[in-house]
Amino acid sequence: MITASKSVFYDGQSAAPKDIQLWFDSNTAQFTFEIENKSVDNEELESYPKPVESFTWLMSDIVFENRSNVLFLQHGQDPIQSIKITDVALITTINQYRKDSGQLNWYQTLIQKPLQFHVLLAFFLLATIGLSYIYILPWVGEKSVVLIPESYDDALGSTFIDENSLLGTNDTLKSKLLNQFAAELQLNNKKRLKFNVIDSEIMNAYALPDGTIVVYTGILNEMKSYDELVGLIGHEAAHVNNRHSMKMLCRNLSGYIFISTVLGDVNGVMAVLGDNVNTLQSLSFSREFEREADEDGFAIVTKNKVNPKGMVTLFKRLQEEHSIEVPEFLSTHPVTKDRIETIKTLIDSKKYSYEQNTNLKSIFEKLKN
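What follows is the structure, given as structure tokens:
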């Protein structure tokens, strides 16, 4: 099929354009056109039609360049000749032929799409970037923990303690008692656990990467039985055993860590973590980590033959007695109805037995005094 349209020819030697009639033959994949040959200058020929020069360009010898709604054909080397096509129908025919014959690459195919397509594509890319930032990058940050040796957990925890000595006064006696209390339990710990009691009305407890578990007297004062304290310790020990603090820190700093991980720069990952060590206290664990800590904590409680209902009792009391002002523990360990129901389900579905532990009861009473 032959398609024709008016176009503009540039000979590459002068700036003057020449209007031409351009023919495109899709059967032979070539362009043809004619130009008046002004090199013939004979007065005797003035009354006759001027001679013309015919050109044939094969598609395989042409460089195509799309600019907005204009298509340029470039041919030759010295000089480079070009044809400017503005006829939309001819441009569409040429592009369709090139597409059908496999001459258009993915980029050239893309730019031929209508405006609506590009708007939708831009929206899709922005949505993908947003979702990646919210979901994929945090996941990558969390998984990057495997690059960090556990020895760095110890260094990070020690740094936090050194830099946050003013958070409260360490109650030496109660810290000693709490360590004695924990020594009575099997906590499934992979590293040595250390317990510090901070004299403060803050109702909080948190675990550091190095195995230090900090408990404030504010939350101890809310407890009515040693079952509740065992539940709290089991929960925090599970956070340590699963490296949840490091995983959450990596997740929160995933943007920086992603770049370091891609580059294989382990030292860069640890440097970013070190610069943000002070956020450890205020980390809010994800529901996934809290569920894992609850389940592992439940296993620890029942393994020690302690009544697991103490976990539910503590969480419910913290919610009920402080419904207006959310205690610190609930902001860093979100307690939802679903979590309480999960623990209740474990209590109802798992086989366990419990018995009075006079040693735990005695130490707990000393802690409360």
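Everything in the sequence shown is counted per my numbering, starting at 38 for the first residue and increasing by one.
Glycine residues also receive a C-beta, built at the ideal position from the N, C-alpha and C atoms.
In the displayed model, residue 117 falls within coil according to three-state DSSP, outside both helix and strand.
For residue 231, the closest alpha carbon among the candidates 57, 217, 239, 153 is that of 217. The stretch 187 to 199 makes contact with the stretch 238 to 249; the number of CB pairs closer than 8 Å reaches 3 or more. Under the rule that a run must span 3 or more residues, the beta strand (DSSP E) segments found entirely inside the stretch 198 to 236 read 231 to 236. By the Cβ test, the stretch 223 to 230 is in contact with the stretch 264 to 281, since at least three Cβ pairs between them sit closer than 8 Å.
The three-state reading of DSSP puts residue 241 in coil, since its state is none of H, G, I, E or B.
Residue pairing for residue 41: DSSP places it in a beta bridge opposite 60. Counting C-beta pairs with one atom in each stretch, the stretch 328 to 335 and the stretch 231 to 242 have fewer than three that are closer than 8 Å, which means they do not touch.
Inclusion of residue 404 and residue 261 in the CB contact set at 8 Å is not warranted, their separation being larger than that value. A check of alpha carbon separations from residue 39 across 91, 50, 127 identifies 127 as the nearest. Around the C-beta of residue 254, 16 or more other C-beta atoms lie within 10 Å, and the residue is accordingly described as buried. For the 8 Å CB-CB criterion, residue 111 and residue 99 form a contact. Residue burial annotation: residue 345 is buried, with at least 16 other C-beta atoms found within 10 angstroms of its C-beta. A Cβ-Cβ contact shorter than 8 Å links residue 214 with residue 400. The alpha-carbon of residue 93 is positioned some 12 Å away from that of residue 118. For residue 165, the secondary structure class from DSSP, reduced to helix, strand or coil, is helix. About 20 Å separates the Cβ atoms of residue 62 and residue 45, ruling out a contact at the 8 Å cut-off. The C-beta of residue 155 has fewer than 16 other C-beta atoms within 10 Å across all chains shown, which makes the residue exposed. Take residue 124, set aside five residues on each side of it, and the residues of its chain with a beta-carbon closer than 8 Å to its own are 42, 43, 44, in chain order. Judged by beta-carbon spacing, residue 387 lies within the 8 Å limit of residue 339, meaning their Cβ atoms are closer than that value. Taking C-alpha positions only, residue 236 is separated from residue 209 by approximately 10 Å. In the three-state reduction of the DSSP assignment, residue 104 falls in the strand class, which pools E and B. Per DSSP, residue 253 lies in no alpha helix (DSSP H); the unbroken beta strand (DSSP E) holding it starts and ends at 249 to 253.
Collapsing the DSSP output to three states places residue 343 in coil. When the five nearest sequence neighbours on each side are left out, the beta carbons in the same chain lying within less than 6 Å of the beta carbon of residue 343 are those of 264, 267, 391, in order along the chain. For residue 91, the enclosing beta strand (DSSP E) has its first and last residue at 89 to 95. Here the alpha carbons of residue 50 and residue 131 stand approximately 26 Å from one another. Taking a contact as a CB-CB distance under 8 Å, the pair residue 89 and residue 73 counts as one, their CB atoms being some 6 Å apart. Residue range 263 to 278 is occupied by the alpha helix (DSSP H) that includes residue 265, with no beta strand (DSSP E) assigned at that position. Within a 10 Å sphere around the beta-carbon of residue 152 sit fewer than 16 other beta-carbons, which makes this residue exposed. Pairing residue 398 with residue 219, the inter-Cα distance amounts to about 12 Å. Residue environment analysis places residue 68 among the buried positions, since at least 16 neighbouring C-beta atoms fall within 10 angstroms of its C-beta. The beta carbon of residue 375 sits closer than 6 Å to no other beta carbon from its chain once the five residues preceding and following it are set aside. For residue 377, the uninterrupted alpha helix (DSSP H) segment begins and ends at 374 to 386.
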